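In terms of this note's numbering, the sequence shown opens at residue 1 and continues consecutively.
Glycine is no exception: its CB is placed at the ideal position from the N, C-alpha and C atoms.
If you're wondering where the values come from, they're calculated on a predicted model, not measured in any experiment.
Shown next, in structure tokens, is the structure this report addresses.
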Amino acid sequence: MRKSNTWLWLALIVVLACVVWIRGIYGTTKSVIISQSAPISEDNLFPAPHHTSYHMELRLDPIGLELLGRSVITSRNTSGAELTELWLTTYPNVMKDKATTPAPMSAYYSGFDPGWITISSVMINGATAIGDDLGISYRIHPPVPIKKGEDLTLELEWKARIPQAAYRYGSKDGVILLGHFYPVLNVKDDQGWHISANTQFGDPFYTQCADYTVRLRVPEAYQIAASGDILSVEAEDTGWQSLLISAGQARDFALAAAYNYKMYYVTADGIKIVGFFNGRHPEVEKVVMEQAVAVVKFYNRTFGSYARSQLFLVQGPMEGFQGMEYSGLVFLAEEVFSPRYNEQRRAFLVAHEIAHQWWYDMVGNNQLQEPWLDEGLANWSARKYLEKVEYRSVQSRSGKTLVNLEQALTEIHSKNSYLDTAYQGGESFWLQLEEELGEGQVLRVLRSYLAAYKFQTATTEDLRRMISQQSRTSMESFFEKWFTTH
Numbered sequence: 001m002r003k004s005n006t007w008l009w010l011a012l013i014v015v016l017a018c019v020v021w022i023r024g025i026y027g028t029t030k031s032v033i034i035s036q037s038a039p040i041s042e043d044n045l046f047p048a049p050h051h052t053s054y055h056m057e058l059r060l061d062p063i064g065l066e067l068l069g070r071s072v073i074t075s076r077n078t079s080g081a082e083l084t085e086l087w088l089t090t091y092p093n094v095m096k097d098k099a100t101t102p103a104p105m106s107a108y109y110s111g112f113d114p115g116w117i118t119i120s121s122v123m124i125n126g127a128t129a130i131g132d133d134l135g136i137s138y139r140i141h142p143p144v145p146i147k148k149g150e151d152l153t154l155e156l157e158w159k160a161r162i163p164q165a166a167y168r169y170g171s172k173d174g175v176i177l178l179g180h181f182y183p184v185l186n187v188k189d190d191q192g193w194h195i196s197a198n199t200q201f202g203d204p205f206y207t208q209c210a211d212y213t214v215r216l217r218v219p220e221a222y223q224i225a226a227s228g229d230i231l232s233v234e235a236e237d238t239g240w241q242s243l244l245i246s247a248g249q250a251r252d253f254a255l256a257a258a259y260n261y262k263m264y265y266v267t268a269d270g271i272k273i274v275g276f277f278n279g280r281h282p283e284v285e286k287v288v289m290e291q292a293v294a295v296v297k298f299y300n301r302t303f304g305s306y307a308r309s310q311l312f313l314v315q316g317p318m319e320g321f322q323g324m325e326y327s328g329l330v331f332l333a334e335e336v337f338s339p340r341y342n343e344q345r346r347a348f349l350v351a352h353e354i355a356h357q358w359w360y361d362m363v364g365n366n367q368l369q370e371p372w373l374d375e376g377l378a379n380w381s382a383r384k385y386l387e388k389v390e391y392r393s394v395q396s397r398s399g400k401t402l403v404n405l406e407q408a409l410t411e412i413h414s415k416n417s418y419l420d421t422a423y424q425g426g427e428s429f430w431l432q433l434e435e436e437l438g439e440g441q442v443l444r445v446l447r448s449y450l451a452a453y454k455f456q457t458a459t460t461e462d463l464r465r466m467i468s469q470q471s472r473t474s475m476e477s478f479f480e481k482w483f484t485t486h
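In structure tokens, the structure reads:
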């Protein structure tokens, strides 16, 4: 009996010591994590991240602006029901017609020039399948329904044309930007298939993570930047080169090719950061690389570790966007590197685009339905970097402006409204949440959010639940201000 009491007292002392230790770190025991939102279940979600891979063989002709591709996509039917059709996004087709292209006319430096993609062959599990070319969408009819839980292998032969346009999918002055260039599986969940959309602004994308293995053939005079790691480069007798590229659990896969570009290499916490620049403004390029190092280090210690071993920063001709995010790769518009470009704006942009490696790549969201989730958080993260690391006072249109964040991209009718809602409105949400909970509590919410939804997809409802759990109080009155019509 005395021995039992001794152990009881020892256990009590340990518990009290832990409480004191937690108080010492956080200042209060109130913010200790008591539960976490469960990650999105793979039940009824297709394609499921850990069951999906893309193997692509690509041949890029930078003179003829053609891309030949063969894709082998493997996955499993995790939709919870038979699949009688498959839907793909074929994004290059948004640039097929002048009337529908999202690229501004200023991007077409030689007049409108179409871009497109065509799929010439489809096979599912070794059998030929019929496909319907619906422009930005491609619907496949399997020869037999794909049973629940059945593995599937989808083989595609395709060809794409790259437009002469300064855009996220386009080419100018020997620089080729390839964002959203290949056929990608659409998502099916309890709401059904999420069909592709074309919008004149924003990012109308919703993809699940997958493993990518890509073999790229390109003339050896061209340098390459890519999502993932370039594992090998082999020279061919024909004057071409073959690159093997691998990206694990990537939200998407992007490429850039350029002639006579400069490559800069730095490291941040063991992560290789590669600058892929034209070399015209080396002083600015050096500053951007230094900022990238500082940003990655800041986000690593603030939110959690960057998921990849490498990050590419690519300077490219791009109208309509100053920056564009992809897994392990960022496009930055040429104008950003001008010495006349505002220094604070440049630092904010670099921090914003790199923030998407956490809030878009690692923690995904439906950018078409809930664009505020990643854009607002990327804005807020960039603000934190400028304030905490560069000691800059950030002035913006954010603040206490209330907007209805529960708007899909297709419900927003102008680019200015999109910026006010997804970017400034989303940032304002986080600024007011700080006032409500305190900065330390908000950061703990975000660390838990990253841990729970890493390489998965989160929704506004998931985030609201996470905030409520971490705050240990009802947040409904706070949420009501942001998710109702004003």
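What first and last residue would you give for the beta strand (DSSP E) that runs through Val214? 210–219
Residue range of the unbroken alpha helix (DSSP H) whose run includes Asp374: 372–388
Mind reading off the beta-carbon distance from Ala226 to Phe348? Whole number of angstroms is fine, and I expect it under 8 Å. Not really, about 26 Å apart at Cβ, beyond 8 Å.
For Lys262, which residues of its own chain have a beta-carbon under 6 Å away from its beta-carbon, when the five flanking residues on both sides are left out? Phe277, Gly279
Output needed for Asp374: all residues of its chain with C-beta closer than 7 Å, excluding positions within five of it in sequence on either side, in chain order. His356, Trp359, Tyr360, Asn365, Gln367
For Gly498: DSSP bridge partner residues: One cannot answer for residue 498 here, as it falls past the ends of the chain, which runs 1 to 486.
In three-state DSSP terms, what is His180? coil
Counting C-beta neighbours from all protein chains within 10 Å, is the total for Ala256 16 or more, i.e. buried, or is it exposed? buried
Quick one: residues in its chain with C-beta nearer than 8 Å to the C-beta of Glu335, no 5 flanking neighbours on either side, listed in chain order? Gln322, Tyr341
Looking only at its own chain, which residues have a Cβ that is under 7 Å from the Cβ of Trp372, when we skip the five neighbours before and after it? Leu405, Thr421, Ala422, Gly425, Gly426
Specify the secondary structure class of Val122 as computed by DSSP and reduced to three states. strand
Determine the direct distance from the alpha carbon of Val187 to that of Thr207, and round the result to whole angstroms. 7 Å
Which residues mark the beginning and the end of the alpha helix (DSSP H) in which Ile354 is found? 343–355
Taking contact to mean 3 or more Cβ pairs, one atom from each stretch, closer than 8 Å, check whether the region 464–475 and the region 55–71 are in contact. no
Under the three-state DSSP convention, the category Gly270 falls into: coil
Taking the alpha-carbon positions, what's the Tyr449 to Ile63 distance? 45 Å
Which residue from Tyr265, Val122, Thr78 puts its Cα closest to that of Thr52? Thr78
Buried versus exposed call for Arg308 [16 or more other C-beta atoms within 10 Å across all chains shown]: buried
For Gln291, collect the residues of the same chain with a Cβ closer than 6 Å to its Cβ; drop the 5 residues on either side in sequence, then sort them by chain order. Ala347, Val350
Quick one: grab the DSSP three-state call for Tyr391. coil
With DSSP as the reference, label Glu66 as helix, strand or coil. strand
Take Leu178 as the anchor and find which of Leu216, Pro339, Pro143, Trp193 has the nearest alpha-carbon. Leu216
Using three-state DSSP, classify Phe429 as helix, strand or coil. helix
In this structure, does DSSP put Gln249 in helix, strand or coil? strand
Using the Cα positions of Ser196 and Pro204, report the straight-line distance between them to the nearest angstrom. 8 Å
If we count the other Cβ atoms within 10 Å of its Cβ and call it buried at 16 or more, is Gly149 buried or exposed? exposed
According to DSSP, simplified to helix, strand and coil, what is Val296? helix
By DSSP's criteria, Lys172 is part of a beta bridge. Which residues make up the other side? Val175
Euclidean distance between Cα positions of Thr484 and Ala250: 33 Å
Is it right to say Asp462 is buried, meaning 16 or more other beta carbons lie within 10 angstroms of its own, or is it exposed? buried
Looking at the secondary structure, which residues open and close the alpha helix (DSSP H) in which Gly440 lies? 439–453
Does the beta-carbon of Ser477 have 16 or more other beta-carbons within 10 angstroms, so that it is buried, or is it exposed? exposed
Sub-8 Å separation of Tyr169 and Met95 beta-carbons: yes
Extent of the continuous alpha helix (DSSP H) run through Arg59: No alpha helix (DSSP H) holds Arg59; the beta strand (DSSP E) holding it covers 53–61.
Give the DSSP bridge partners of Phe329, in chain order. This sequence places Leu at residue 329; Phe is not what is there. DSSP output for Leu329 lists Phe312, Tyr326 as bridge partner(s).
Selection from Ser381, Val403, Met123 that minimises the alpha carbon distance to Val394: Ser381
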